[in-house]
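In the numbering used here, the protein residues as written are 1 to 66.
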């Protein structure tokens, strides 16, 4: 796969992650009286993990195809 295709796919996936996490952040909190906002922490954790996987899949590839 060409590097331009990788960068294009990277941009599309990055925008999808951003839109989904932004939409999930705008959902109302299930327990507004709680000290910690677990929903926001969970959404941020999933977004960070997805970004890490996205970076790994985009820039690190298998050198030996089996």
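Beta carbons are placed, not taken as given, at the ideal position from N, Cα and C, and that holds for glycine.
Checking 7 Å against the spacing of the C-beta atoms, do residue i and residue j come in under that value?
i	j	result
residue 13	residue 51	no
residue 25	residue 58	no
So residue i and residue j are in contact, right, with Cβ under 8 Å, and what is the actual spacing, rounded?
i	j	result
residue 21	residue 43	6 Å
With respect to the alpha helix (DSSP H) encompassing residue i, which residues constitute its N-terminal and C-terminal limits?
i	result
residue 60	Per DSSP, residue 60 belongs to no alpha helix (DSSP H) and is neither H nor E.
residue 14	3 to 25
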